[in-house]
Each structure stands twice: as C-alpha cells, then as structure tokens.
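Structure record follows, encoded as structure tokens.
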Amino acid sequence: MMKYNTFSDYRKFNPKEELKNINFYIDIPIFSKRIEFYFKALIVQESLTKSIAVNEKINLEQLLDSSPDNIYAEEFYTIILQIMDFHLGIEFKVGKSFAFLKEINQSILDDQVVDLTNIDDFIFNALNLRAANGLSLIDNLTNDDFLVNRVENNSKPIFFAGKSLPVFNKFIKESYYIDTNIDTDDDGFSDRVLVQVTRPDTTNKVPVLLCADPYFEGTNEMEQNLNTIEGNLKEKSVTEFKTQKISNYPTAPAKIIKDGIKKPEHRSENQESNNIPLNDFFIPRGFAVAYVAGLGTRNSDGMRTTGDRAETLTYSKAVEFLSGNEKGFYTRYGEEKVTIQWTNGSVAMTGRSYLGTLATATATQNPRGLKTIISESAISNWYDYYRENGLVVAPGGFPGEDADVLALDTYSRWFSGADYLKTHEKFLSHMEKLREQQDRDTGNYNNFWNDRNYLLEASNIKIDCLYAHGLNDWNVKPINVYNVNQIAKNAKIKVILHQGEHISPHNIQSIDYLDICNLWLSNHLYNIDNKIVDTLPNIIVENNRTPDQWKEQSAWGGKNNKEIKLGSSIVSYSDNLTHIFKDKFDQKLTKYEDSFALNDPVFKDQCFVFNYQPDEKFTINGQVKIETEISTNQRTGLLSAALYEIKPQKISTKTPAPVPDRFFQITPHQERTPLVNFNQKSFEYRLITFGHLNLQNIQGPGIVNEIIPNTPLKLTLALQPTIYEVLKISKLRLILFGSDMKYTIHVVTPQTYQINLNKSKLKIPFSL
Numbered sequence: 001m002m003k004y005n006t007f008s009d010y011r012k013f014n015p016k017e018e019l020k021n022i023n024f025y026i027d028i029p030i031f032s033k034r035i036e037f038y039f040k041a042l043i044v045q046e047s048l049t050k051s052i053a054v055n056e057k058i059n060l061e062q063l064l065d066s067s068p069d070n071i072y073a074e075e076f077y078t079i080i081l082q083i084m085d086f087h088l089g090i091e092f093k094v095g096k097s098f099a100f101l102k103e104i105n106q107s108i109l110d111d112q113v114v115d116l117t118n119i120d121d122f123i124f125n126a127l128n129l130r131a132a133n134g135l136s137l138i139d140n141l142t143n144d145d146f147l148v149n150r151v152e153n154n155s156k157p158i159f160f161a162g163k164s165l166p167v168f169n170k171f172i173k174e175s176y177y178i179d180t181n182i183d184t185d186d187d188g189f190s191d192r193v194l195v196q197v198t199r200p201d202t203t204n205k206v207p208v209l210l211c212a213d214p215y216f217e218g219t220n221e222m223e224q225n226l227n228t229i230e231g232n233l234k235e236k237s238v239t240e241f242k243t244q245k246i247s248n249y250p251t252a253p254a255k256i257i258k259d260g261i262k263k264p265e266h267r268s269e270n271q272e273s274n275n276i277p278l279n280d281f282f283i284p285r286g287f288a289v290a291y292v293a294g295l296g297t298r299n300s301d302g303m304r305t306t307g308d309r310a311e312t313l314t315y316s317k318a319v320e321f322l323s324g325n326e327k328g329f330y331t332r333y334g335e336e337k338v339t340i341q342w343t344n345g346s347v348a349m350t351g352r353s354y355l356g357t358l359a360t361a362t363a364t365q366n367p368r369g370l371k372t373i374i375s376e377s378a379i380s381n382w383y384d385y386y387r388e389n390g391l392v393v394a395p396g397g398f399p400g401e402d403a404d405v406l407a408l409d410t411y412s413r414w415f416s417g418a419d420y421l422k423t424h425e426k427f428l429s430h431m432e433k434l435r436e437q438q439d440r441d442t443g444n445y446n447n448f449w450n451d452r453n454y455l456l457e458a459s460n461i462k463i464d465c466l467y468a469h470g471l472n473d474w475n476v477k478p479i480n481v482y483n484v485n486q487i488a489k490n491a492k493i494k495v496i497l498h499q500g501e502h503i504s505p506h507n508i509q510s511i512d513y514l515d516i517c518n519l520w521l522s523n524h525l526y527n528i529d530n531k532i533v534d535t536l537p538n539i540i541v542e543n544n545r546t547p548d549q550w551k552e553q554s555a556w557g558g559k560n561n562k563e564i565k566l567g568s569s570i571v572s573y574s575d576n577l578t579h580i581f582k583d584k585f586d587q588k589l590t591k592y593e594d595s596f597a598l599n600d601p602v603f604k605d606q607c608f609v610f611n612y613q614p615d616e617k618f619t620i621n622g623q624v625k626i627e628t629e630i631s632t633n634q635r636t637g638l639l640s641a642a643l644y645e646i647k648p649q650k651i652s653t654k655t656p657a658p659v660p661d662r663f664f665q666i667t668p669h670q671e672r673t674p675l676v677n678f679n680q681k682s683f684e685y686r687l688i689t690f691g692h693l694n695l696q697n698i699q700g701p702g703i704v705n706e707i708i709p710n711t712p713l714k715l716t717l718a719l720q721p722t723i724y725e726v727l728k729i730s731k732l733r734l735i736l737f738g739s740d741m742k743y744t745i746h747v748v749t750p751q752t753y754q755i756n757l758n759k760s761k762l763k764i765p766f767s768l
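Right under this line is the structure:
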C-alpha cells in the first residue's frame with residue numbers, strides 16, 4: 001500500500017478556531033446534532049449518506065437517524081475514508097480504518113471514542129487528512145464549492161490550518177512594462193520588458209508569484225542549430241583564469257516615443273491555465289501571478305543572453321515593480337508611469353528548470369519585496385550545466401545544446417514582424433558573439449561562465465529558499481542544488497530530493513508537496529504564523545529502494561568516507577568508443593548504455609571495470625570521489641567515471657506512473673490532474689552517479705596544465721552528489737573510461753590510457 005506521507009504540520013492550530021475561520025463550527029451541546037451537521041456538510045450529495053457504511057450493520061443515514069451520543073473513532077474514520085474516496089472492502093476493511101490510516105502514514109487522533117468533548121478535534125483532523133487523490137480533504141471540498149455559501153463573501157483570502165483556500169473565482173488580467181535600465185540590443189536606449197499579470201478580482205491587497213519564463217512567448221525549432229558533438233579534444237595553452245566579480249551592465253537612458261494606448265483590465269470568471277501547475281494552484285487562493293518572459297522575447301526589447309547579469313537585473317526590476325517599490329509603464333514606449341496599488345508588497349519567485357534558475361539568480365541580488373523562492377530542478381552555475389572540469393558536456397537528453405542554442409530557442413522577439421525586420425541582423429551578430437565567448441573549443445571556465453555563476457553571490461541570499469530536485473535529473477544535474485545548499489549559508493535553505501528526473505513533484509502521491517508549498521507561501525507572503533520554516537526538515541529525501549518512504553536529514557554530505565583501493569597493478573585501456581558506438585550500436589544510445597553498464601565483451605580493453613561488494617548496509621551521502629594516477633599517449637585526454645548498482649532488486653523507478661483512477665484538480669473547475677508515483681521494480685542496473693574531467697584541467701576548470709605523453713598525472717574526480725541507500729547484498733560497479741556518448745565530445749582518434757591502481761581509490765561519503 002503506497003504511503004501518503006505528510007510533512008506539513010498543523011498540530012499548533014486550535015481546531016475550534018480554525019473551524020470558525022471557515023464558518024464550519026456549530027455550538028450545539030447535543031452530539032447527534034453536531035455530528036449530523038458535520039457529516040452532511042462533508043458529503044457532496046446528502047442522498048449519499050445511504051452509500052457510506054459505518055460498520056457491517058448500518059450505513060451513515062441509519063447512524064444519524066439513531067441520534068447517537070457518541071461513536072467509536074474506528075467508525076468515524078471508516079466514514080471519513082469513504083468521503084475521501086478510499087474504497088471500503090478493496091483498500092481497507094471494516095474495523096480496520098485506524099490500521100489503514102497508520103499504514104499509509106496519515107496522522108490521526110488516538111482517542112477511541114468521538115463525543116462532544118473531542119468532535120471538533122476529529123473534524124479538524126479529518127479535514128487535514130490527504131484524500132485518495134492526494135489533496136487534503138479540505139482542498140477537495142473547496143474545489144467542490146464547499147465554501148461558496150459558507151463565507152460571507154469571497155473578496156478576501158481565507159486560511160485554514162495555516163494554508164490558503166481556493167475561494168476566488170473572478171480574476172483580472174493586465175499588462176505593464178518595466179524599464180530594465182540596461183541596453184542589450186545596442187540601440188542606445190534602455191530595454192523595456194513586458195509583465196503579464198493575472199490576479200484575483202478583489203479590493204484586498206495581494207502578494208505576487210513572479211515566474212521568470214523565457215519560454216512564455218514561444219520557442220524556435222532548434223535541431224538544425226545544434227553544435228557538433230564529434231571531434232577531438234583541443235590541446236590548450238597553459239593558463240589560469242582567476243575568479244572575479246560578475247560583470248555589470250552600464251545603465252542606459254529610457255526610450256520615449258509616445259504614450260500609446262493603455263490596455264484595459266480584462267475581467268474573467270474563468271481562470272486560464274498557463275501550464276505551470278504550482279502557479280495555477282495559487283491564483284484562486286489569493287495570489288497574483290506574473291509572467292515575465294524577459295529580454296529578447298515577443299513584445300519586449302533586448303537580446304537573449306542566457307543567464308547573465310542582464311537577466312538577473314531584469315527580474316530584480318520586475319520584483320521591485322510588483323512589490324510596489326518601483327514604477328513601471330503602461331506601454332512599451334510611453335512615458336506615463338504606474339505604481340501598482342493592488343500589491344501587498346510581498347513577492348515570491350517560482351519555477352522549474354530555466355524558470356527556477358532565474359529565481360536563484362534574482363535571489364542573489366536581494367531586490368526589495370522578494371520574500372522567498374520555490375525553485376525546482378534549477379541551475380546554480382551555468383558552467384555546471386554546459387561544461388564540466390574543462391570539458392564541453394551536454395545536458396542529459398540534449399546533445400549539442402549550448403548557451404547559444406538556448407538563446408536562439410527562446411528568442412521570440414522576432415515573432416513580431418516589425419521587431420524581426422529591425423533586429424534580425426543584429427541578433428545574428430549577437431549570436432556569433434555568444435558562440436565565440438562560450439568557447440566550445442576549450443571547455444574552460446572563463447569570463448563568460450563566470451558571469452553566469454550564481455554561486456559567486458549565493459552567500460548574499462538572505463531570504464528563505466525552498467528547492468526541489470530529482471536525484472536522477474541528468475539534465476540539470478544534482479550538483480546545482482547541492483552547491484547552492486552548501487554555499488548559501490546566510491539563508492534558510494530547505495531541499496526536497498525525489499527519485500525522479502527533470503520533473504515537478506506537485507502530483508506525487510507519497511509527499512504532500514502542494515501543502516508544503518501552500519504553508520511556505522502563506523507564511524512568507526501573507527505572514528501566516530504556521531511555523532513551516534521551523535518544522536520542515538532541512539533535507540527531505542525519497543528512498544531509492546522504497547519510493548513511498550521519505551527520510552529527514554539535517555545535512556547533505558557525509559563526514560565519513562569509505563576508502564576502497566582499486567587494485568595493485570597498472571592497467572591499460574583504449575578509447576575507441578566513438579567508433580564502437582557508430583559501428584556496433586548504430587548510434588542507438590539506450591542499447592549502447594545498457595551494454596556498457598553490463599560489461600558487454602565488445603567493451604573489453606575500452607575501460608577499466610571495478611566491482612565492489614559492500615560489507616554492510618550504508619547510504620551514500622554526498623559526492624563520491626575517484627583519486628587516481630593516470631597517463632595517456634596523447635597530449636589531450638579525458639577521464640569519465642560511472643558508478644552503478646548491478647541487478648538491484650526492487651528499487652524506485654525514475655519515471656513516475658499514474659496511480660489508477662486517482663485524479664485531482666489543481667484549481668476548482670479545471671481539468672483533472674493525474675496523481676503519480678514512483679514504483680518498485682527490478683532492473684539490470686541503475687546508474688548511481690557519474691563525472692567527467694579533462695586531463696588538461698586536473699587543478700580546476702579554469703586552470704590548464706600540460707599533458708606530457710605517457711607521464712602520470714595525479715588527480716581527483718568528484719562525481720555528481722547523491723543520496724543512495726546501498727544494501728549489504730548490493731553489487732557496485734565502477735567503470736573508468738574515456739568518451740561518454742551521452743555527455744562528452746565523441747573523440748574520433750583512438751588513444752590509450754594507463755591507470756596505476758596502487759595509487760587509485762574510490763572514496764564514498766556515507767552515513768549508516
């Protein structure tokens with residue numbers, strides 16, 4: 001039975017007062033009247049009381065007709081489970097509601113009898129339980145108009161147990177412009193950027209969720225613009241790049257042509273989805289949502305710059321405008337300024353991938369009004385996305401992509417005919433400059449990447465930050481969230497680590513992610529005292545063996561290391577993998593990776609394979625490291641390393657599957673969202689972690705050393721950080737090799753490597 005784990009803590013709240021908040025309290029000193037009031041209100045159709053069993057003998061209608069003075073708590077939860085759409089007789093048995101709720105990790109009361117003294121406590125507890133579709137019972141009820149006739153009006157937000165409820169059903173859409181004060185398209189004037197807002201139709205001031213979304217105005221077809229991934233590594237000049245401050249843009253004057261026509265507000269009784277579930281979830285709960293596509297997007301000025309200071313400054317300006325601290329404009333070129341009056345002055349940034357990346361970037365600047373960020377699968381250093389230790393690497397699944405390709409992908413400005421004619425040639429020139437500066441020839445850390453390294457300023461972050469990331473996300477790799485968590489010591493950072501890839505966890509059954517986010521934003525943007533920052537663990541990680549189990553950790557990164565010697569001899573292997581990939585596997589990556597991990601004979605002499613049998617159960621906690629001494633017969637070379645578990649029994653899948661017949665609504669009256677979960681399954685192997693290093697960069701990505709053929713180099717290669725439970729029966733396999741067909745350049749010219757195993761060890765950070 002899959003668990004419904006709950007990390008949102010509502011025990012500090014007074015049940016009676018919370019029920020009064022939603023006008024769901026009746027002060028009648030007769031138990032039968034109280035229980036009838038509550039149960040009939042909780043059921044969508046009163047006639048359904050006959051279909052809800054209380055025990056083997058009577059249904060709910062019969063119970064209410066009997067005017068009881070009390071009921072057994074077992075019967076109470078039997079009724080509640082059916083209201084929450086759990087199936088009696090299939091998922092739980094009569095007389096076993098207590099046991100079932102505890103088995104699925106729901107928090108229930110211990111009293112054995114429900115009577116006048118505790119009925120309010122039980123109802124409050126029930127409303128906070130997670131229903132079969134993953135949402136709390138109160139959220140499901142409000143989606144079904146539970147509060148429509150229960151509150152005086154829906155013009156102000158309503159909170160229950162520290163969380164906002166979806167009470168707004170009328171919305172206003174409007175657009176503004178902000179002046180960035182920088183000039184990225186070199187026309188001599190400051191770039192203006194479009195801000196698009198959807199907010200509840202209310203006279204109350206509301207906070208804002210800002211989503212920095214470069215994809216919002218559309219994207220381009222990229223396949224023909226991908227960079228080549230086949231070729232030889234370049235011999236580099238011995239040099240050292242010294243980390244410096246991030247480059248700033250000079251300020252530019254505003255460009256005023258005419259006032260133009262102010263777009264009127266658009267009122268609607270329908271909430272349109274923008275396909276970002278977390279944002280959609282909060283609009284009817286009393287939060288405005290603003291989308292800013294940014295520089296170089298449709299109906300905005302500027303050029304795409306892929307993550308540099310220009311983007312950071314743009315979204316910082318947007319935060320200060322949306323919090324009421326800066327003026328904006330009604331039109332793109334007009335001079336009539338506006339200060340928004342409907343904001344309560346508090347802004348959060350949300351988003352996944354590039355969107356969440358820009359939230360982290362903006363947080364390093366501490367713009368006025370930014371109270372928190374919720375960032376999913378986000379980059380903290382663009383070098384760690386497109387490069388690794390002096391090598392060009394691809395984000396998982398996107399070979400040939402680079403900063404230039406992403407800039408072109410998101411350059412929607414030319415979807416406007418007038419802007420296309422005005423900026424087309426300039427943009428092509430801008431792209432050439434990007435390609436040159438990103439330097440695919442060397443893969444070195446340089447000024448281009450330095451300007452896109454938010455870790456340099458992560459210690460400036462003062463706000464609380466909530467991060468979610470997949471431990472199997474090989475697109476935005478875990479090093480990104482690991483590093484920001486290690487460096488941003490002046491902020492309270494909370495990290496949720498799931499077993500998935502590049503996904504949002506909003507609809508995962510086994511964790512109450514939406515409730516956590518609701519508590520988080522209600523606290524930071526509405527100042528609701530729900531103690532979420534104090535009660536939420538620093539690290540919450542989904543177990544890789546039993547995916548419905550989530551563990552709390554105080555820190556990510558173990559202090560103890562298992563040091564495992566790799567051998568005592570000198571071994572050799574070749575790197576002819578590019579030709580094997582083409583000739584033996586017809587460039588079919590999945591088949592190639594499967595055969596490689598399982599030590600297919602075709603890879604004999606193409607890698608070094610080390611098998612390790614643990615002597616105890618432990619958890620890998622942090623960055624596995626390889627210390628070795630290696631030489632090669634060329635003046636260039638690379639080392640790749642991959643750590644696998646071979647034939648793991650019943651571990652978590654990496655892709656969540658829909659839970660049969662379980663759907664929920666992100667917002668009232670919208671399409672149903674499937675509930676999903678990671679399942680247990682046996683595999684031939686599981687990639688635990690991996691890493692790559694250019695042998696010309698053994699001291700760091702910005703420091704180049706010479707390779708003298710056949711001369712040993714001592715180095716340490718740190719792999720991607722992870723948290724992974726290893727059993728005593730687990731079989732671990734470390735493979736050291738050259739070209740990685742999924743990530744690195746496909747080296748064409750074969751070469752040989754030698755490793756001194758006597759001077760090589762595997763270092764595994766662990767906790768028991």
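In UniProt numbering, the protein residues as written are 1 to 768.
The C-beta atom is built at its ideal place from N, Cα and C for all residues, glycine as well.
Starting from the Cα of residue i, find the closest Cα among the options and give me that residue.
{"i": "Val338", "options": "Gly328, Phe448 and Tyr315", "result": "Gly328"}
{"i": "Gln634", "options": "Gln665, Asn710 and Leu687", "result": "Asn710"}
{"i": "Leu210", "options": "Asp402, Arg352 and Leu768", "result": "Arg352"}
{"i": "Leu278", "options": "Ala468, Gln606 and Leu141", "result": "Ala468"}
{"i": "Asn334", "options": "Ile257, Asp280 and Thr314", "result": "The amino acid at residue 334 is misidentified as Asn; the sequence shows Gly. Among Ile257, Asp280 and Thr314, the Cα nearest to that of Gly334 belongs to Ile257."}
{"i": "residue 799", "options": "Gln587, Asp85 and Ile123", "result": "Because the chain spans 1 through 768 in this model, residue 799 falls outside it and cannot be assessed."}
{"i": "Ile379", "options": "Ile532, Leu519, Ser97 and Val484", "result": "Val484"}
{"i": "Ile340", "options": "Val541, Ala348 and Tyr330", "result": "Tyr330"}
{"i": "Phe610", "options": "Asn518, Arg733 and Ile580", "result": "Arg733"}
{"i": "Ala403", "options": "Lys647, Phe448 and Lys492", "result": "Phe448"}
{"i": "Glu552", "options": "Thr535, Leu693 and Leu566", "result": "Thr535"}
{"i": "Phe296", "options": "Lys317, Asn225, Ala131 and Asp191", "result": "Per the sequence shown, residue 296 should be read as Gly rather than Phe. Nearest of Lys317, Asn225, Ala131 and Asp191 to Gly296, Cα basis: Asp191."}
Verify whether the separation of the beta carbon atoms of residue i and residue j is less than 7 Å.
{"i": "Phe241", "j": "Tyr445", "result": "yes"}
{"i": "residue 774", "j": "Thr306", "result": "Here the chain comprises residues numbered 1 to 768, so residue 774 is not present and cannot be evaluated."}
{"i": "Gln509", "j": "Asn677", "result": "yes"}
{"i": "Phe159", "j": "Ile666", "result": "no"}
{"i": "Asp575", "j": "Gln696", "result": "no"}
{"i": "Pro196", "j": "Tyr291", "result": "The identity of residue 196 in the sequence shown is Gln, whereas the question assumes Pro. A contact, by the Cβ cut-off of 7 Å."}
{"i": "Ile52", "j": "Ile79", "result": "yes"}
{"i": "Leu566", "j": "Ser760", "result": "yes"}
Assuming residue i contacts residue j (C-beta within less than 8 Å), just tell me the rounded distance between them.
{"i": "Ile246", "j": "Arg309", "result": "6 Å"}
{"i": "Ile564", "j": "Pro765", "result": "That belief does not hold up - the Cβ atoms of Ile564 and Pro765 are roughly 12 Å apart, past 8 Å."}
{"i": "Leu471", "j": "Leu455", "result": "That pair is no contact at about 20 Å."}
{"i": "Asn140", "j": "Arg662", "result": "At roughly 12 Å, the Cβ-Cβ gap does not stay under 8 Å, so Asn140 and Arg662 are not in contact."}
{"i": "Asn181", "j": "Thr251", "result": "5 Å"}
{"i": "Tyr743", "j": "Val393", "result": "5 Å"}
With a 10 Å radius around its C-beta and 16 neighbouring C-beta atoms as the bar for buried, classify residue i as buried or exposed.
{"i": "Met1", "result": "exposed"}
{"i": "Pro207", "result": "buried"}
{"i": "Ala488", "result": "buried"}
{"i": "Gly324", "result": "buried"}
{"i": "Asp186", "result": "exposed"}
{"i": "Gly356", "result": "buried"}
{"i": "Ser164", "result": "buried"}
{"i": "Asp27", "result": "exposed"}
{"i": "Val481", "result": "buried"}
Who pairs with residue i in a beta bridge, going by DSSP?
{"i": "Asp575", "result": "Gln751"}
{"i": "Met349", "result": "Leu210 and Ile373"}
{"i": "Trp550", "result": "Glu542"}
{"i": "Cys465", "result": "Ile373 and Ile493"}
{"i": "Val609", "result": "Ile735"}
{"i": "Phe160", "result": "Lys163"}
{"i": "Asp179", "result": "Arg192"}
{"i": "Thr364", "result": "In the DSSP output, where bridge partners are listed per residue, Thr364 has none listed."}
{"i": "Glu221", "result": "Partner(s): none; Glu221 has no beta bridge."}
{"i": "Asn694", "result": "Leu638"}
Do we get a CB-CB distance below 7 Å when we pair residue i with the residues of chain D?
{"i": "Phe690", "result": "In the structure shown, chain D cannot be found, because there is only a single protein chain."}
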